[in-house]
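Worksheet for the structure shown next.
Residue numbers (this note's numbering): 29 to 363.
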């Protein structure tokens, strides 16, 4: 099925191996940052923002020490701070990024005389796609654009739907505001979307396929997305709340096994390519850019740094990077 399908699967889950180069056992998601002449201890916390299931306050603050850390911190930093992003005009920058997807060029227009229905293997396949595009995508003229274009749009649709939930980040932001805490962001929405967008718009492989081959892909995607359960990852939700990195990694292994059962052509190479891209551009590069911001702020007052849990572990994780900067970073002991 080529790389666009793989992009969708990996972006949907937004997970890959966490790495085990930082500590032994199951340290959990909350860590303290000490040393380096800090005015008080700060905290590093790994959140979960991609499992498609809303978190309750009771679930989140069952994690050992988190409520106390939020009380102790004077400022809470997230990957992106919604308030600051709004003030900095990031919406306009995002419009430019999204423009490539929501306002396609002529290369994504269907050739004259080519129609959707004959491209599909059966009338039932066409009917399923037609219904999905007309009612879920709300585009009665979807047929004016190529199936290859719709692979990109569907990736964005699925990515957005997964995040239509109360993530740990959102819940913590609400609580931080409620407790009168100052909030901040380590980056802007436009900067992270600039790194994420290539995973949606990588069309090098799909653009080389015939229209009929593209139609097969679009049907498989639509058929897959008609199953609402794909937008939720209950095992990930449970593993995260158990504050157990080993179980979290176990889920990741099980998820990747499920992908291999889908019989997607070239899955292995494509998956590895996407994971390499994620690890390099979505994790390591962003972690490196965050370190100076974190250092500057924890030197002024106690902070709580709340970022996706994948940013914590491995040799390129924030824990290892902060330790290399001379800080003592230790896990908060679980109950």
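Here a beta-carbon is modelled for each residue, glycine too, at the ideal position from N, C-alpha and C. It should be emphasised that the depicted structure is a prediction, and the values quoted were computed from it without experimental measurement.
Alpha-carbon spacing of residue i relative to residue j, whole angstroms
i           : j           : result
residue 152 : residue 144 : 13 Å
residue 175 : residue 99  : 51 Å
residue 189 : residue 166 : 15 Å
residue 131 : residue 93  : 47 Å
residue 185 : residue 354 : 43 Å
residue 238 : residue 133 : 19 Å
residue 220 : residue 142 : 37 Å
residue 268 : residue 207 : 24 Å
residue 161 : residue 247 : 11 Å
residue 245 : residue 222 : 26 Å
residue 252 : residue 156 : 11 Å
residue 159 : residue 173 : 16 Å
residue 282 : residue 59  : 27 Å
residue 69  : residue 305 : 34 Å
residue 318 : residue 337 : 14 Å
residue 164 : residue 236 : 27 Å
residue 88  : residue 154 : 43 Å
residue 361 : residue 266 : 19 Å
residue 194 : residue 201 : 11 Å
residue 146 : residue 255 : 25 Å
residue 314 : residue 308 : 9 Å
residue 325 : residue 359 : 20 Å
residue 169 : residue 192 : 26 Å
N-terminal and C-terminal residue of the beta strand (DSSP E) that residue i is part of
i           : result
residue 435 : The shown model of the chain, from 29 to 363, leaves out residue 435, and the question about it has no answer.
residue 245 : Not the beta strand (DSSP E): residue 245 falls in the alpha helix (DSSP H), residues 239-253.
residue 358 : 356-359
residue 332 : 331-336
residue 70  : 70-75
residue 347 : From DSSP, residue 347 is part of no beta strand (DSSP E) but of the alpha helix (DSSP H) over 346-352.
Residue i and residue j closer than 8 Å at C-beta
i           : j           : result
residue 350 : residue 249 : no
residue 61  : residue 357 : yes
residue 108 : residue 215 : yes
residue 344 : residue 310 : no
residue 57  : residue 73  : yes
residue 320 : residue 101 : no
residue 85  : residue 241 : no
residue 339 : residue 197 : no
Residue range of the alpha helix (DSSP H) that includes residue i
i           : result
residue 320 : 313-326
residue 58  : Here residue 58 belongs to no alpha helix (DSSP H); instead the beta strand (DSSP E) covers 58-62.
residue 264 : 262-269
residue 99  : 94-100
residue 272 : Note, residue 272: premise wrong, no alpha helix (DSSP H); not H, not E.
residue 88  : 85-88
Of the listed residues the options, nearest to residue i (C-alpha basis)
i           : options               : result
residue 263 : 206, 278 and 252      : 278
residue 138 : 157, 85, 97 and 178   : 178
residue 243 : 359, 106 and 149      : 149
residue 63  : 218, 327, 246 and 160 : 327
residue 180 : 95, 348 and 136       : 136
residue 352 : 265, 157, 323 and 332 : 323
residue 316 : 347, 337 and 155      : 347
residue 55  : 304, 270 and 308      : 270
residue 342 : 273, 334, 197 and 75  : 273
residue 217 : 106, 173, 192 and 276 : 106
residue 75  : 173, 254, 276 and 306 : 276
residue 333 : 212, 261 and 266      : 212
residue 95  : 255, 168, 199 and 261 : 199
residue 335 : 65, 67, 71 and 66     : 71
CB contact below 8 Å: residue i versus chain D
i           : result
residue 164 : Of the protein chains in this structure there is only one, and it is not chain D.
> In the stretch 131-219, which residue ranges form an unbroken beta strand (DSSP E) of at least 3 residues, counting only runs that do not cross its ends?
Replying inline: Those beta strand (DSSP E) runs which fall completely within the stretch 131-219 and span 3+ residues are 210-215.
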